[in-house]
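Participant: Protein chains in written order, with the numbering used here: chain P, 1 to 289; chain L, 1 to 289; chain A, 1 to 289; chain F, 1 to 289.
A virtual CB, placed ideally from N, CA and C, is assigned to each residue, including glycine.
As the structure is a computational prediction, the values presented were derived from the model and not from experiment.
I have a structure here, written as structure tokens, and I will follow up with some questions on it.
Protein chains: 4
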Amino acid sequence: MTDARETTARLLIRCADRPGIVAAVSNFLYNHGANINALDQYSTDPEGGVFFMRLEFQTPHLDLSRPVLERAFADAVAKRYDMAWRMSYAAEEKAVALLVSKYDHALLEVLWRWLRGELPARVTMVISNHADLREAVERFGVPFHYVPVTRETKPEAEARMLDLLDGQADLVVLARYMQILSEAFVGRYPNRIINIHHSFLPAFVGADPYRQAYERGVKLIGATAHYVTADLDEGPIIDQDVRHVSHRHSVQTLKELGQDIERTVLARAVRWHLEDRVIVHENKTVVFA
Amino acid sequence: MTDARETTARLLIRCADRPGIVAAVSNFLYNHGANINALDQYSTDPEGGVFFMRLEFQTPHLDLSRPVLERAFADAVAKRYDMAWRMSYAAEEKAVALLVSKYDHALLEVLWRWLRGELPARVTMVISNHADLREAVERFGVPFHYVPVTRETKPEAEARMLDLLDGQADLVVLARYMQILSEAFVGRYPNRIINIHHSFLPAFVGADPYRQAYERGVKLIGATAHYVTADLDEGPIIDQDVRHVSHRHSVQTLKELGQDIERTVLARAVRWHLEDRVIVHENKTVVFA
Amino acid sequence: MTDARETTARLLIRCADRPGIVAAVSNFLYNHGANINALDQYSTDPEGGVFFMRLEFQTPHLDLSRPVLERAFADAVAKRYDMAWRMSYAAEEKAVALLVSKYDHALLEVLWRWLRGELPARVTMVISNHADLREAVERFGVPFHYVPVTRETKPEAEARMLDLLDGQADLVVLARYMQILSEAFVGRYPNRIINIHHSFLPAFVGADPYRQAYERGVKLIGATAHYVTADLDEGPIIDQDVRHVSHRHSVQTLKELGQDIERTVLARAVRWHLEDRVIVHENKTVVFA
Amino acid sequence: MTDARETTARLLIRCADRPGIVAAVSNFLYNHGANINALDQYSTDPEGGVFFMRLEFQTPHLDLSRPVLERAFADAVAKRYDMAWRMSYAAEEKAVALLVSKYDHALLEVLWRWLRGELPARVTMVISNHADLREAVERFGVPFHYVPVTRETKPEAEARMLDLLDGQADLVVLARYMQILSEAFVGRYPNRIINIHHSFLPAFVGADPYRQAYERGVKLIGATAHYVTADLDEGPIIDQDVRHVSHRHSVQTLKELGQDIERTVLARAVRWHLEDRVIVHENKTVVFA
């Protein structure tokens, strides 16, 4: 496989399903010298459903600059099919900011994978409502901002965080950030805040899910990565996983095992987002993984 | 491994944890010529917790008849530790009755495994509120009873079912039986009715869980085998499993995939129950699998 | 989702990767009134690699008969890109013949799923080198042919089987058929014989893999569905799965657990084949599942 | 659960199976004031098989010092049953040395878990045949020794390593150490060297298993943690895991996915070893997990 990050572009599309969409899009790209190397599409129903498509294409021989290509696509294709669409370029890495409280496992997993080149992003900062993880974060060469939050200072704290994030975050990752973000905050980053919840949602919403799981006596524990919306724990699910447990597992052991699942699931969801593999539609996700 | 069904006995114990229990039980068995070939134990807390134990032992050289052995155990050991306990004998297979509505997958799975010798039981009957599966059941040489249920006739129907079951059911298996059993019915078979619920409980309690799962956009679907209690979908969980799904799965496909999980999970739970591997305690199960 | 089996067609393509393939194919279909409702594609390398594509499309508004459409496609598209390709129609169900020896689990799983409508096929016959399963098969309304095989009679037996299969088998499924088929036999059904091997290949090729697994002390057992080639156990793998085991599992228990995996894996592979989701290339499969 | 590391002892036993072993051991412990809080046992066959047992017990009320207890056990119990046995004490953490080459994922996973208190051990050193990971290791406060190896210098290099390890390693962990250790080296640490092999053994022994997996077209990749013996890749398997892959995965992607499995499997095997949960018998392991 040719390493082609420099010339890789992606196109995400959502529109009402109608005949001819694939032909129209692929023709457009072909005619302008783009070579499709991945194409995923999905329709909720060929008759009257919603159509989703993700294309990855190579642009070494483009006959147009990117902005001109985008304008041409808007005029020649998107308008005709009334598409919601977005082009992005692998070389323009997304800026990622991480929010964390005291647990370090999810944060470290993301930072390690990023350091190893598995996550195509610029990590711009870590913000925490505790000072504990400063040293661990700074070792990665990433700025750490300590923004304490109390019930009284929450508005100021969020304002400060929004300031820090401004222009520095295409994606905000809640790597076990234990404060609830206000609706206003969330509204600033629609479908651009990913949270890791420590249960297989919709089971065990709310606080202390491992204790809830222990008390219900379930034989599985899990984790869920989802976009954050104004409804706590109710946003579109990106990925989930579980593992088997038994009566022998204490709340503490469930927590340890669960942290392994949280690490994996969060890292996978973040990667999919960064690679433009996720389309949100009506509180659900289409993931072209 | 010697095939030793004729001489295999099992002892299940629950009591407050105290020093010396293992020694007392194993001494008792050794002194009476029983040879332990499996021992599982678990304590919620060595200090002040609850202790559970399952022993499987061979009785070819017993110096006492079984009833005398049981009485001796009661006097010499169980009383001293205030144990809830039960001895059972592999050669005395449990009587199993199956309840089913229209879906056949869970029922057939249990019957097939039984036919192949994987489930140590006598299947005494299948009761259904629909007549559809009569032929499929009778092929296995198992009596089929059609007991229709309407809102009005429910008390009579349950009375008829209890009549049929009387003396013929150590275990009742709800293999997708879509009627809710009354508290009185359930009370007759405490921890002896196993249901397969078509979701990974506690997610999606109630009706049509595959549709609920589809609408929430989860990335996992699952099934849960649990003992039936008066609280619908809230009884002690015996086993659960899940598999990954995606946006591509319609409600119908989820249902098909889910049925495979239901089959496996129910068959496993039934087998564990029949082999005396499950102890219920405070709405949870200890499973010595 | 509209039920559209009557009007569903599929197109499988393999060719050298070059720009414009997707556009050419999707244009062709659009221009003739076909509506693409699923498209999967994969390229081993955009530069100089091999390109694979599977399209599923609806043909209610075709402007040509199917044979004419196929000829037009050959002339207008396939020739230009030097494609290996195949069109098929969901309404023309494939004929499936099953070969089995004494173990019934894999066979019954396929027959059950077929009966329940999960496998789009006509099951034309079961051939066995033992008479044991006649009754079980005939219950499904499927003809059963007993063709015993000894070392001496193998050529005659295979000749008889080929006779029986002639015109009656688009796919041959070895559902634990314990005889090795001759190269000549296999050559008659290239990439159209699916076998279930009872190990996670390439581990434990050859006889008695559960015993081999037991003796090596592995912590996983598995099963592999693959196309049969002249090299025993070396054909293209379609699907595999495993589950965890421990020192507690005897050879017999491994066998029982393994049979569950065999059932699932074989049924999945057969379904994918029947839905034209598998393309073989250089002893590997591309599976558009 | 009381935190009881200070008073937790473990007893591992292997002997010919005979009646009375459990009674003898549990009596002995009870009579000396030890309270059993976990007991696992397994017999290959109650008649003439091999018996394995692991006990975890609390010693706050011991009537003897540990050495005297051990001697008493030897005299009173072990001799009678001709046991291979070992007592160990949770408070006496095992010394662990890690060997690594250039890949850091397995090493870092073990170090992180250790730092978080999940691995009860003293990590005494990391030895590498490359200098690359010095800084990463020293950040954990762990000494790093660079011991280059060439074909010519291998004996000296191993001698140097044995010197470094002398008295500093109850367990040696090969966290992707790419040199083959000599039989003499291995003989110094029988069943005390754990390697992580990057395939689901016995598939893909030898070099570059991800490439082998890619070329065979398997639908699963995996990793295996095993004790190192003189036979490369043939030692007793402690743990294995796999995940599903498809034709879309390049050798590079398989490698990335596989590294996640390697991390999990190695960490689990090391933990089990440190908690005295693994007994080796005839090139297989009994794992009381």
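#1: Comparing the C-beta of E118(P) with each C-beta of chain F, is any distance below 8 Å?
#2: Tell me which residue opens and which closes the alpha helix (DSSP H) that I180(F) is part of.
#3: Residues in its own chain within less than 8 Å of E194(L) by CB, not counting five upstream and five downstream?
#4: Beta carbons nearer than 7 Å to chain A: which residues of the region 212 to 224 of chain F have them?
#5: What residues are listed by DSSP as bridge partners for S173(A)?
#6: Mind pulling the chain A residues with CB within less than 9 Å of V287(F)?
#7: For D260(F), go through chain P and note every residue whose CB falls closer than 8 Å to its CB, in chain order.
#8: Could you give the distance in angstroms between the alpha-carbon of V100(L) and the alpha-carbon of Q240(L)?
#9: What does a CB cutoff of less than 7 Å around N37(L) pick up in its chain, not counting 5 residues either side in sequence?
#10: Could you tell me which of P46(L), D63(L), G258(L) and S250(L) sits nearest to T44(P), measuring between CA atoms?
#11: Could you check whether the Cβ of V242(F) sits closer than 7 Å to any heavy atom belonging to the ligand COA?
#12: Measuring only the C-alpha atoms, how far is F204(P) from E275(L)?
#13: Compare the C-beta of L29(L) against all C-beta atoms of chain A and say whether one is closer than 8 Å.
#14: Can you give me the C-alpha to C-alpha distance between F200(A) and I180(A), rounded to a whole angstrom?
#15: Out of P67(A), A34(A), Y81(A) and D75(A), which one is the CA nearest neighbour of D17(A)?
#16: Measure the C-alpha to C-alpha separation of K284(A) and V278(F) and round it to an integer number of angstroms.
#17: Is it a yes or a no for the region 210 to 225 of chain P touching the region 253 to 261 of chain P, going by three-plus beta-carbon pairs under 8 Å?
#18: What's the call for Y146(P), buried or exposed, on a 16-neighbour Cβ count within 10 Å?
#19: For R134(A) and L107(A), what's the separation of their Cα atoms in angstroms?
#20: Rounded to whole angstroms, what is the Cα-Cα separation between D233(L) and A136(L)?
#21: For S88(P), which residues from the same chain have a beta carbon less than 6 Å from its beta carbon, with the 5 sequence-adjacent residues on both sides left out?
#22: With a threshold of 8 Å between beta-carbons, can N35(A) be considered close to chain P, or not?
#23: Within a Cβ cutoff of 7 Å, which residues of the same chain sit near H198(A), ignoring the five residues on either side of it in sequence?
#24: If the criterion is Cβ atoms closer than 8 Å, does the pair L111(F) and V123(F) meet it?
#25: Can you name the residues of chain A whose CB is closer than 8 Å to the CB of K255(F)?
#26: Please confirm whether P202(F) has its beta-carbon closer than 8 Å to some beta-carbon of chain A.
#27: Which residues share a DSSP beta bridge with E56(A)?
#28: Could you check if E282(F) is buried or exposed, using at least 16 other CB atoms within 10 Å of its CB as the buried criterion?
#29: Does any residue of chain A have a CB that is nearer than 8 Å to the CB of R71(L)?
#30: Please classify P202(P) as buried or exposed, where buried requires at least 16 other C-beta atoms within 10 Å of its C-beta.
#31: Within 8 Å (strictly less), CB to CB, does G20(L) reach chain F?
#32: Counting only the same chain and skipping the five closest in sequence on each side, list residues whose C-beta sits under 7 Å from that of L12(A).
#33: Below 8 Å, how does it come out for the region 21 to 29 of chain P and the region 66 to 78 of chain P: are there three or more Cβ pairs, yes or no?
#34: Note the first and the last residue of the continuous beta strand (DSSP E) segment covering Y214(L).
#35: With the cut-off set at 8 Å, would you say R188(F) and I221(F) are in Cβ contact?
#36: Any residues in the region 55 to 68 of chain F with a beta carbon nearer than 9 Å to a beta carbon of chain P? Which ones, in chain order?
Facilitator: Short version:
#1: Interface residue, yes.
#2: Element bounds for I180(F): n/a, residue is neither H nor E.
#3: Note that residue 194(L) is Ile in the sequence shown, not Glu. So the qualifying residues of the chain are L171, V172, V173, L174, A225, H226, Y227, V228, I238, L266, A269, V270 and H273.
#4: Going along the region 212 to 224 of chain F in chain order, one finds R216, G217, V218, K219 and L220 with a Cβ nearer than 7 Å to chain A.
#5: What sits at residue 173(A) in the sequence shown is Val, not Ser. Looking at the DSSP assignment, V173(A) forms a beta bridge with L98(A) and I194(A).
#6: K219, S246 and H247, listed in chain order.
#7: Neighbourhood of D260(F) in chain P, by CB distance below 8 Å: T264, in chain order.
#8: V100(L) and Q240(L): Cα-Cα distance of roughly 20 Å.
#9: Answer for N37(L): E56, F57 and Q58, listed in chain order.
#10: Closest by alpha carbon: S250(L).
#11: Ligands are entirely absent from the displayed structure, and the ligand COA is therefore not among its contents.
#12: Spanning the two alpha carbons is a distance of roughly 32 Å.
#13: No, L29(L) does not count as interfacial toward chain A.
#14: Take the alpha-carbon of F200(A) and the one of I180(A): they are about 19 Å apart.
#15: Taking only the C-alpha atoms, the option nearest D17(A) is Y81(A).
#16: Taking C-alpha positions only, K284(A) is separated from V278(F) by approximately 38 Å.
#17: They touch, by the three-pair rule.
#18: Y146(P) should be labelled exposed.
#19: So the two alpha carbons sit approximately 12 Å from each other.
#20: Near 28 Å, if we compare the C-alpha coordinates of A136(L) and D233(L).
#21: Around S88(P), the same chain offers R10 and D276 as residues with beta carbons nearer than 6 Å, after the five sequence neighbours per side are excluded.
#22: Chain P places a beta carbon closer than 8 Å to that of N35(A), counting this residue as a contact.
#23: Answer for H198(A): P209, Y210, A223, G258 and E262, listed in chain order.
#24: Against a cut-off of 8 Å, the Cβ pair of V123(F) and L111(F) comes out as a contact.
#25: What K255(F) touches in chain A, judged by beta-carbon distance under 8 Å, is nothing: the nearest beta carbon there is about 17 Å away.
#26: Yes, contact with chain A.
#27: Looking at the DSSP assignment, E56(A) forms a beta bridge with R10(A) and A38(A).
#28: Under this definition E282(F) is an exposed residue.
#29: It does not; no Cβ of chain A falls within 8 Å.
#30: Answer is buried; the Cβ neighbour count reaches 16.
#31: True, the Cβ-Cβ gap to chain F drops below 8 Å.
#32: Here the set comprises R54, W85, R86, D276 and I279.
#33: Judged by Cβ distances under 8 Å, the region 21 to 29 of chain P makes contact with the region 66 to 78 of chain P, as three or more pairs qualify.
#34: Boundaries around Y214(L) are those of the alpha helix (DSSP H), P209 to R216, since no beta strand (DSSP E) includes it.
#35: With a cutoff of 8 Å on beta-carbon distance, R188(F) and I221(F) are scored as not near each other.
#36: Those would be none; no residue qualifies.
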